[in-house]
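Structure first, commentary second.
Chains as they are written, first to last, in my numbering: chain V, 115 to 371; chain H, 514 to 768.
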């Protein structure tokens, strides 16, 4: 079983890193980071901070768009190309295929984010004292955890809707709601209409709460978050991802080709 | 001889729902068919008659709406049975980002060939399909013939007991058709079971021990080699007498 997993993960990883889009992503990331370098010149006093925020946002934005696009098409493209026939007609459980393909994708996106983060860190070198290396790494890990959750959500939605544009739209919608969880909940509570209340309640509970992942909020605070906070974040990300992959696996297992 | 394939009263109905409306179409209807061990069985029929549906059900890619389809006595998809099956689809559905060597190794691993035997099995099959020299080229750079060879390699790398081929000669040049015929004869000589679908009567009669004629999802006739051996044109007559075009297509009237 381990060997099947390793093979499928390696297959997926190669699929992504050999794709032209992957190289374009690096180019685009480089342009964004360099753009941050230019724009931050406007903030003479706070140039380091601005470069940190702009660069980090650029890395996360690129990671997000990549993982949504790639996860939504991960299985659908294999179904469309019919390469799936030669995989599901082999002795492997369908959930293995889903989980391994997802891990391969996450690793490929995490690698691209790591390379961009390295470049970003080099650009930040002259600005000592803006952020410590450990804080930067923690923030990067939180971003990867956030994208893992979004990726699993995109994959589950792609199999539930069977349409890439619909799955992408729903993913971005839930991503947006996930960033404003508390506000959405507040609006729901204030609404007098039962239908709106129920709808808001549903989306509030279905969408992931991304406020947990914003380690950047602690960049400039005196006290960094505790390990318990990190652990609870890890458990949350893992549980959400596991549920999404379970849904994707169940849907995929019932699917006919 | 034991039955490798046993299809009993299988019906497959496709259902498509759109805006609350459900459309149904029959893929195959009440199909009963057995294929014995070591036999080369050909499923003959026009386009859209249910050949691919039958094959997909044997592989577990589709589930029968009614009836049972078993391979080696097990309902599909059974992981142990899938280890014994090689599948050559109607077109080479291969991952284009891999090289030929990587692709065959990938399928060899998924077919559960033990790691200590895998490299040798992959080398050997690439040699047999004549792709050793081009094994390190990306599949996206391959010609159609090379695609077909790698597709063949992925189907045979794990030395399956049963090879299922969906329209294996469609679109092949005469030389490749002859090579495909040689492959089927070689597998038969090795005692393997071959199940293939085709609409090419002349090719099917050259390699098959038995044939089944499928029309509009129903098995119309089953013939054995002795029925057509030394009787030129017999199979074609049988075929044209039993099948009719589905989907309301009429015959050409140029005579």
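Beta carbons are placed, not taken as given, at the ideal position from N, Cα and C, and that holds for glycine.
Flagged as an interface residue toward chain V: residue 574 (chain H), by a C-beta distance shorter than 8 Å. When C-beta atoms of the stretch 187-199 of chain V are compared with those of the stretch 596-609 of chain H, three or more pairs fall below 8 Å, so the two segments count as touching. Shown here for residue 553 (chain H): same chain residues with a beta carbon closer than 7 Å to its own, the five before and five after excluded, namely 697, 701, 707, 720, 721 and 722 in chain order. Contact between the stretch 722-738 of chain H and the stretch 533-541 of chain H is present: three or more C-beta pairs spanning the two stretches fall below 8 Å.
Rounded to the nearest whole angstrom, the CA to CA distance from residue 522 (chain H) to residue 582 (chain H) is 9 Å. Runs of alpha helix (DSSP H) with 4 or more residues, each lying fully within the stretch 642-685 of chain H, are found at 657-669, listed in chain order. The beta carbon of residue 366 (chain V) sits no closer than 8 Å to any beta carbon of chain H. By the beta-carbon neighbour count (other beta carbons within 10 angstroms, threshold 16), residue 693 (chain H) is buried. Segment contact: the stretch 264-272 of chain V against the stretch 175-187 of chain V, three or more CB-CB distances shorter than 8 Å; contact assigned. Counting only unbroken stretches of 3 or more residues, the beta strand (DSSP E) elements lying wholly within the stretch 541-603 of chain H are 553-558, 579-584 and 598-601, in sequence order. Under the three-state reduction of DSSP output, residue 241 (chain V) falls in the coil class, being neither helix nor strand. Short of 6 Å from the beta carbon of residue 529 (chain H), and not among the five residues preceding or following it, lie these beta carbons of its own chain, in chain order: 536. Annotated three-state conformation of residue 766 (chain H) is coil, per DSSP. For residue 731 (chain H), DSSP records a beta bridge to H:728. A Cβ-Cβ contact shorter than 8 Å links residue 119 (chain V) with residue 210 (chain V). In the DSSP annotation of this structure, residue 699 (chain H) is not part of any beta strand (DSSP E); the continuous alpha helix (DSSP H) holding it starts and ends at 687-702. Here residue 737 (chain H) is bridged, per DSSP, to H:723. According to the DSSP assignment, residue 255 (chain V) belongs to the alpha helix (DSSP H) that extends over 247-275. Around residue 735 (chain H), the same chain offers 725 as residues with beta carbons nearer than 6 Å, after the five sequence neighbours per side are excluded.
Per DSSP, the unbroken beta strand (DSSP E) holding residue 516 (chain H) starts and ends at 516-531. Under a criterion of Cβ atoms nearer than 7 Å, the residues of chain H adjacent to residue 202 (chain V) are, in order, 574.
By the criterion of a C-beta distance shorter than 6 Å, residue 227 (chain V) is surrounded in its chain by 173 and 177, once the five residues flanking it on both sides are discounted. Comparing alpha carbon positions, the residue from H:677, H:614 and H:578 closest to residue 640 (chain H) is H:614. For residue 136 (chain V), no chain H residue has a C-beta closer than 9 Å to its own C-beta; the minimum C-beta separation is roughly 11 Å.
Burial check for residue 527 (chain H): the Cβ neighbour count within 10 Å stays below 16, so the residue is exposed. Contact between residue 741 (chain H) and residue 718 (chain H) holds: their C-beta atoms lie close to 5 Å from each other, under 8 Å. DSSP, read as helix, strand or coil, puts residue 636 (chain H) in helix. Here residue 206 (chain V) is buried, its C-beta having at least 16 other C-beta atoms within 10 Å.
Comparing alpha carbon positions, the residue from H:519, H:525 and H:673 closest to residue 370 (chain V) is H:525. Per the C-alpha coordinates, the member of H:602, H:601 and H:671 positioned closest to residue 633 (chain H) is H:671. With a threshold of 8 Å between beta carbons, residue 132 (chain V) makes contact with chain H. With respect to chain V, the C-beta atom of residue 596 (chain H) has a partner C-beta closer than 8 Å. Going by beta carbons, residue 518 (chain H) and residue 547 (chain H) fall inside the 8 Å limit.
Close to chain H, meaning a Cβ-Cβ distance shorter than 7 Å, are the following residues of the stretch 176-209 of chain V: 195, 196, 197, 199, 200, 201, 202, 203, 204, 205 and 206.
Three or more beta-carbon pairs separated by less than 8 Å are not found between the stretch 571-585 of chain H and the stretch 619-631 of chain H, which leaves the two stretches without contact. Considering only H:531, H:515 and H:567, the residue with the shortest C-alpha distance to residue 550 (chain H) is H:515.
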